[in-house]
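Visitor: Quick one: the structure is below, questions incoming.
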Amino acid sequence: MFSKFTSILQHAVEALAPSLPLQEDFVYHWKAITHYYIETSDDKAPVTDTNIPSHLEQMLDILVQEENERESGETGPCMEYLLHHKILETLYTLGKADCPPGMKQQVLVFYTKLLGRIRQPLLPHINVHRPVQKLIRLCGEVLATPTENEEIQFLCIVCAKLKQDPYLVNFFLENKLKSLTSKGATNVISEDILKGEDSLSADTGQSHQPEDLHGATGVEPAESEEEPPHQMDDLSTSLDDLSVTSLPEAPVVRPHQDYNLVNSLLNLTRSPDGRIAVKACEGLMLLVSLPEPAAAKCLTESTCLCELLTDRLASLYKALPQSVDPLDIETVEAINWGLDSYSHKEDASAFPGKRALISFLSWFDYCDQLIKEAQKTAAVALAKAVHERFFVGVMEPQLMQTSEMGILTSTALLHRIVRQVTSDVLLQEMVVFILGEQREPETLAEISRHPLRHRLIEHCDHISDEISIMTLRMFEHLLQKPNEHILYNLVLRNLEERNYTEYKPLCPEDKDVVENGLIAGAVDLEEDPLFTDIPPDNILSNQEWLNSSPPATPDHPRNDGKTEVHKIVNSFLCLVPDEAKSSYHVEGTGYDTYLRDAHRQFRDYCAICLRWEWPGSPKALEKCNLEEAFFEGHFLKVLFDRMGRILDQPYDVNLQVTSVLSRLSLFPHPHTHEYLLDPYVNLASGCRSLFSVIVRVVGDLMVRIQRIQDFTPKLLLVRKRLLGLEPEGPIIDHITLLEGVIVLEEFCKELAAIAFVKYHTSSTP
Numbered sequence: 001m002f003s004k005f006t007s008i009l010q011h012a013v014e015a016l017a018p019s020l021p022l023q024e025d026f027v028y029h030w031k032a033i034t035h036y037y038i039e040t041s042d043d044k045a046p047v048t049d050t051n052i053p054s055h056l057e058q059m060l061d062i063l064v065q066e067e068n069e070r071e072s073g074e075t076g077p078c079m080e081y082l083l084h085h086k087i088l089e090t091l092y093t094l095g096k097a098d099c100p101p102g103m104k105q106q107v108l109v110f111y112t113k114l115l116g117r118i119r120q121p122l123l124p125h126i127n128v129h130r131p132v133q134k135l136i137r138l139c140g141e142v143l144a145t146p147t148e149n150e151e152i153q154f155l156c157i158v159c160a161k162l163k164q165d166p167y168l169v170n171f172f173l174e175n176k177l178k179s180l181t182s183k184g185a186t187n188v189i190s191e192d193i194l195k196g197e198d199s200l201s202a203d204t205g206q207s208h209q210p211e212d213l214h215g216a217t218g219v220e221p222a223e224s225e226e227e228p229p230h231q232m233d234d235l236s237t238s239l240d241d242l243s244v245t246s247l248p249e250a251p252v253v254r255p256h257q258d259y260n261l262v263n264s265l266l267n268l269t270r271s272p273d274g275r276i277a278v279k280a281c282e283g284l285m286l287l288v289s290l291p292e293p294a295a296a297k298c299l300t301e302s303t304c305l306c307e308l309l310t311d312r313l314a315s316l317y318k319a320l321p322q323s324v325d326p327l328d329i330e331t332v333e334a335i336n337w338g339l340d341s342y343s344h345k346e347d348a349s350a351f352p353g354k355r356a357l358i359s360f361l362s363w364f365d366y367c368d369q370l371i372k373e374a375q376k377t378a379a380v381a382l383a384k385a386v387h388e389r390f391f392v393g394v395m396e397p398q399l400m401q402t403s404e405m406g407i408l409t410s411t412a413l414l415h416r417i418v419r420q421v422t423s424d425v426l427l428q429e430m431v432v433f434i435l436g437e438q439r440e441p442e443t444l445a446e447i448s449r450h451p452l453r454h455r456l457i458e459h460c461d462h463i464s465d466e467i468s469i470m471t472l473r474m475f476e477h478l479l480q481k482p483n484e485h486i487l488y489n490l491v492l493r494n495l496e497e498r499n500y501t502e503y504k505p506l507c508p509e510d511k512d513v514v515e516n517g518l519i520a521g522a523v524d525l526e527e528d529p530l531f532t533d534i535p536p537d538n539i540l541s542n543q544e545w546l547n548s549s550p551p552a553t554p555d556h557p558r559n560d561g562k563t564e565v566h567k568i569v570n571s572f573l574c575l576v577p578d579e580a581k582s583s584y585h586v587e588g589t590g591y592d593t594y595l596r597d598a599h600r601q602f603r604d605y606c607a608i609c610l611r612w613e614w615p616g617s618p619k620a621l622e623k624c625n626l627e628e629a630f631f632e633g634h635f636l637k638v639l640f641d642r643m644g645r646i647l648d649q650p651y652d653v654n655l656q657v658t659s660v661l662s663r664l665s666l667f668p669h670p671h672t673h674e675y676l677l678d679p680y681v682n683l684a685s686g687c688r689s690l691f692s693v694i695v696r697v698v699g700d701l702m703v704r705i706q707r708i709q710d711f712t713p714k715l716l717l718v719r720k721r722l723l724g725l726e727p728e729g730p731i732i733d734h735i736t737l738l739e740g741v742i743v744l745e746e747f748c749k750e751l752a753a754i755a756f757v758k759y760h761t762s763s764t765p
């Protein structure tokens with residue numbers, strides 16, 4: 001009560017007294033603080049019962065006022081006094097001792113406001129960055145302390161200053177030789193006063209260590225334990241008698257301690273207060289983005305950042321239930337790190353494990369964003385750590401297991417993070433994890449060279465339809481990612497030599513099949529009302545179309561160019577016989593419905609593939625090794641096998657298989673286009689293409705149609721039920737076959753639309 005009265009009286013006297021010059025006023029407030037320690041006999045009273053907070057606030061106001069009254073960049077006498085007399089060193093010592101109780105909190109607030117409110121750069125000064133670095137070491141040592149909020153505010157303002165001037169980070173990379181393990185604070189005051197006693201005298205000079213040396217190297221000299229004692233004044237003598245009880249410590253992740261700013265933030269990410277943890281994560285994101293190579297190297301090699309990211313990913317992944325509904329994993333709302341607050345009571349769509357799933361996806365999003373923002377070498381190191389310690393160490397055993405429920409859950413989680421990843425560097429590591437690094441053509445004998453790739457592709461044809469669908473969905477989303485290695489590893493490396501083709505001119509039998517450039521019964525493109533809105537000058541003539549192909553040679557007439565689009569479109573539209581078609585009986589299901597989607601999707605794929613510098617035309621056959629045995633690759637083999645069984649597979653499986661194949665057809669590479677969309681390519685003996693697989697299916701269908709009574713009415717009824725135009729009724733015989741026929745018809749229309757859009761886009765200037 002008496003101290004409160006004294007404070008009020010002091011403010012009244014200050015208000016009535018004539019105003020002093022700023023420097024005298026500043027010195028007065030500082031001396032008022034130092035006199036407290038000389039005169040006090042009660043070191044247990046909290047700092048809030050003293051005048052210290054008021055004096056510190058007044059000192060800050062004076063420094064801000066002084067800066068505002070001077071020209072930009074000019075240092076005033078008050079700031080000179082603060083730097084010259086190492087006031088920040090003394091405040092650090094008092095804060096470390098937390099004397100009086102609560103002083104650490106006041107010191108943190110003072111440092112934070114000083115760095116935040118003063119515009120001129122302070123951190124380059126040794127008498128600023130040295131005590132700042134010491135104070136950083138005190139942050140995060142003990143979790144859930146009353147000063148946690150002030151600690152994180154202080155650390156974040158330091159991070160913000162480094163973001164403004166990245167070169168300053170060199171002041172915070174310490175020499176490993178002086179690194180010490182974290183200790184208790186017993187009897188620390190007299191030790192620190194011995195090291196910085198000049199700050200307590202009004203007339204002492206600058207620090208004996210030359211400031212320019214530290215500024216040049218960014219490394220502090222080791223502090224000598226045998227520094228000769230200097231003359232102590234009354235304040236240091238008074239403080240020397242104080243002892244401070246060591247506080248219980250949190251587990252401190254400081255193996256080398258040469259980037260203490262990172263280490264303190266890492267400790268605070270473990271805070272039970274979610275807001276503190278999020279702020280610590282924000283601080284780390286600022287630090288990893290600094291462009292200084294030395295800081296990036298120190299960050300990844302001398303701190304536990306990589307371990308923190310990967311260990312937490314692993315622990316959150318392992319905390320998930322053994323089985324989670326794949327639909328729940330897929331449909332849980334988009335997760336942004338730091339915003340994963342979740343109340344089970346308020347959630348109408350809660351399911352077992354939702355809290356754990358959100359926590360995992362939120363932390364994965366943080367890792368993804370951190371790597372995305374990080375300096376290049378730091379990003380690579382962090383992504384490799386995630387690859388080795390999480391993808392391989394934790395996820396791979398789950399994906400390779402034999403339990404169907406385990407396979408389904410782990411594949412659904414892989415699918416989710418494939419969809420979620422946005423960092424190119426982390427995506428690259430994920431792609432290598434899933435597919436391996438191989439780029440040479442596959443052989444049947446070596447398809448299991450990368451075990452995880454082999455297992456996942458095999459799962460596309462798993463006995464469990466759920467596993468097949470989920471794995472196919474994962475590959476479908478993987479193919480949409482902006483990474484050239486994905487398509488090359490899965491498909492392109494096997495098409496590079498075009499050895500699926502046989503180099504020969506059309507024989508008479510071929511001419512009988514293709515009359516006047518059209519399949520018998522096909523509709524000429526020029527007569528199709530769908531294409532009448534295309535300006536004639538936008539359609540290339542046959543000769544113009546073929547000009548993009550390799551030049552013909554006397555021995556080899558040209559037959560490897562792009563086949564005219566109307567032939568291709570009609571080839572796919574006429575594949576399914578009329579008696580097996582049902583779309584023309586239902587309004588709004590024509591071929592034209594696929595054109596708009598195909599145009600949008602192809603445009604998106606072109607934007608993704610633009611930087612990969614793919615050729616505009618196929619590799620000249622004269623330069624191809626056509627003698628090499630052709631193998632379509634494990635991925636296309638499984639897809640073609642499943643496509644060949646389209647009449648005998650469940651509807652959902654067929655939809656997913658055709659969806660992946662249509663994605664592959666959209667890629668603007670001439671070899672995938674030729675192999676998947678050109679019905680007229682001369683296939684080498686024993687080779688198959690997408691078109692030839694569909695032809696075999698249609699042949700099988702023609703035989704089986706004859707055995708089904710009332711085939712066409714049943715087919716139409718099934719289509720209407722699938723579209724919701726007819727209510728569900730009695731089970732129809734041969735339902736799997738009928739649904740397969742409908743998917744086959746729609747898939748052929750989709751391929752025709754893709755072929756037309758690719759032609760139209762390439763022919764439009």
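Heads up, the sequence shown is in our numbering, so the first residue is 1 and it goes up one at a time.
No residue lacks a Cβ here, since even glycine has one placed at the ideal position from N, Cα and C.
Relative to the C-alpha of arginine 642, which residue among Asn483, Gln58, Ile457, Pro727 is closest?
Guide: Comparing Cα-Cα distances from arginine 642 to each of Asn483, Gln58, Ile457, Pro727, the minimum goes to Ile457.
Visitor: Buried or exposed: which applies to arginine 275, given that a residue is buried once 16 or more other Cβ atoms fall within 10 Å of its Cβ?
Guide: Exposed.
Visitor: Use the C-beta contact count for glutamate 151: other C-beta atoms within 10 angstroms, 16 or more gives buried, fewer gives exposed.
Guide: Buried, because 16 or more other Cβ atoms sit within 10 Å of the Cβ of glutamate 151.
Visitor: In the structure shown, what three-state DSSP assignment does threonine 501 receive?
Guide: Three-state DSSP puts threonine 501 in a strand.
Visitor: Starting from aspartate 648 and walking both ways along the alpha helix (DSSP H), at which residues does that stretch end?
Guide: Per DSSP, aspartate 648 belongs to no alpha helix (DSSP H) and is neither H nor E.
Visitor: Between the C-alpha atoms of threonine 181 and valine 288, what's the straight-line distance to the nearest angstrom?
Guide: For threonine 181, the pLDDT reaches just 40, beneath the cut-off of 50, and the residue's location in the model is therefore unreliable, leaving the point undetermined.
Visitor: Kindly indicate which three-state DSSP category cysteine 748 falls into: helix, strand or coil?
Guide: Cysteine 748 falls in the helix class under three-state DSSP.
Visitor: Is leucine 284 helix, strand or coil when you go by DSSP?
Guide: Three-state result, leucine 284: helix.
Visitor: Quick check on leucine 683: does DSSP put it in helix, strand or coil?
Guide: DSSP places leucine 683 in strand when its eight states are reduced to three.
Visitor: Distance check for threonine 310 and leucine 213, CA to CA, integer angstroms please.
Guide: Because leucine 213 sits at a pLDDT of 33, beneath the cut-off of 50, its placement in the model cannot be relied upon, and the point is left open.
Visitor: Where do the N-terminal and C-terminal ends of the alpha helix (DSSP H) with valine 59 fall, by residue?
Guide: According to the sequence provided, residue 59 is methionine. The question's valine does not apply to it. From DSSP, the alpha helix (DSSP H) with methionine 59 extends over 52-69.
Visitor: At a threshold of 8 Å, does arginine 439 count as lining the ligand ADP (C-beta to nearest heavy atom)?
Guide: Because no ligand of any kind appears in the structure shown, any question about the ligand ADP cannot be addressed here.
Visitor: Give me the Cα-Cα distance between glutamine 106 and threonine 90, rounded to the nearest whole angstrom.
Guide: Cα to Cα, glutamine 106 sits roughly 13 Å from threonine 90.
Visitor: Give me the Cα-Cα distance between cysteine 748 and arginine 719, rounded to the nearest whole angstrom.
Guide: Whole-angstrom Cα-Cα distance: 16 Å.
Visitor: Quick one: what does DSSP say glutamate 396 is sitting in, helix, strand or coil?
Guide: Here glutamate 396 sits in helix by DSSP.
Visitor: Where does isoleucine 38 fall in DSSP's three states?
Guide: Helix at isoleucine 38.
Visitor: Would you check if the segment 737-757 and the segment 644-653 touch, i.e. whether three or more CB-CB distances between them fall below 8 Å?
Guide: With the cut-off at 8 Å, the segment 644-653 and the segment 737-757 touch.
Visitor: Tell me which same chain residues have a C-beta within less than 6 Å of the C-beta of valine 324, skipping the five on either side of it?
Guide: Gly353, Thr409, listed in sequence order.
Visitor: Where glycine 766 and glutamate 442 are concerned, what is the direct C-alpha to C-alpha distance, given to the nearest angstrom?
Guide: Past the boundaries of the shown model lies residue 766; the chain is included only from 1 to 765, so the question cannot be answered.
Visitor: Assuming serine 582 and isoleucine 742 make a contact with CB atoms under 8 Å, what is their CB distance in whole Å?
Guide: At roughly 7 Å, the Cβ-Cβ gap stays under 8 Å, so serine 582 and isoleucine 742 are in contact.
Visitor: For the candidate residues Ile52, Ile157, Leu413, Ala607, whose alpha-carbon lies nearest to that of leucine 122?
Guide: It is Ile157.
Visitor: Can you tell me whether threonine 422 is buried or exposed? The criterion is at least 16 other CB atoms within 10 Å of its CB, across all chains shown.
Guide: That one is exposed.
Visitor: How close, in whole Å, do the beta carbons of leucine 265 and proline 166 come, if the pair is a contact with beta carbons under 8 Å?
Guide: At roughly 17 Å, the Cβ-Cβ gap does not stay under 8 Å, so leucine 265 and proline 166 are not in contact.
Visitor: What do you get for valine 703, buried or exposed, if any count of 16 or more other CB atoms within 10 angstroms of its CB means buried?
Guide: Looking at its Cβ environment, which holds fewer than 16 other Cβ atoms inside 10 Å, valine 703 is exposed.
Visitor: Using DSSP with H/G/I as helix, E/B as strand and the rest coil, what is leucine 479?
Guide: Leucine 479 falls in the coil class under three-state DSSP.
Visitor: Could you tell me how far apart the beta carbons of valine 169 and glutamate 307 are, in whole angstroms, since I believe they sit closer than 8 Å?
Guide: Incorrect: roughly 21 Å between the Cβ atoms, too far for contact.
Visitor: Can you tell me which of the three DSSP states phenylalanine 631 falls into?
Guide: Coil.
Visitor: Can you name the start and end residues of the alpha helix (DSSP H) that glutamate 330 belongs to?
Guide: Start and end: 326-331.
Visitor: Work out the CA separation of valine 109 and leucine 138 for me, nearest whole Å.
Guide: About 14 Å.
Visitor: Taking the beta carbon of lysine 623 as the centre, do at least 16 other beta carbons fall within 10 Å, making it buried, or is it exposed?
Guide: Under this definition lysine 623 is an exposed residue.
Visitor: According to DSSP, is arginine 449 part of a helix, a strand, or is it coil?
Guide: Reduced to three states, the DSSP call for arginine 449 is coil.
Visitor: Comparing alpha-carbon positions, which option in Gly95, Lys297, Leu284, Thr672 lies nearest leucine 370?
Guide: Of the listed residues, the one whose Cα sits closest to leucine 370 is Leu284.
Visitor: Pick from Thr501, Leu479, Tyr759: whose alpha carbon is nearest that of serine 659?
Guide: Taking only the C-alpha atoms, the option nearest serine 659 is Leu479.
Visitor: Would tryptophan 612 be called buried (16 or more neighbouring beta carbons within 10 Å of its own) or exposed?
Guide: Flag for tryptophan 612 reads exposed.
Visitor: May I have the straight-line CA-CA distance separating valine 698 from leucine 575, to the nearest angstrom?
Guide: Cα to Cα, the separation comes out at about 7 Å.
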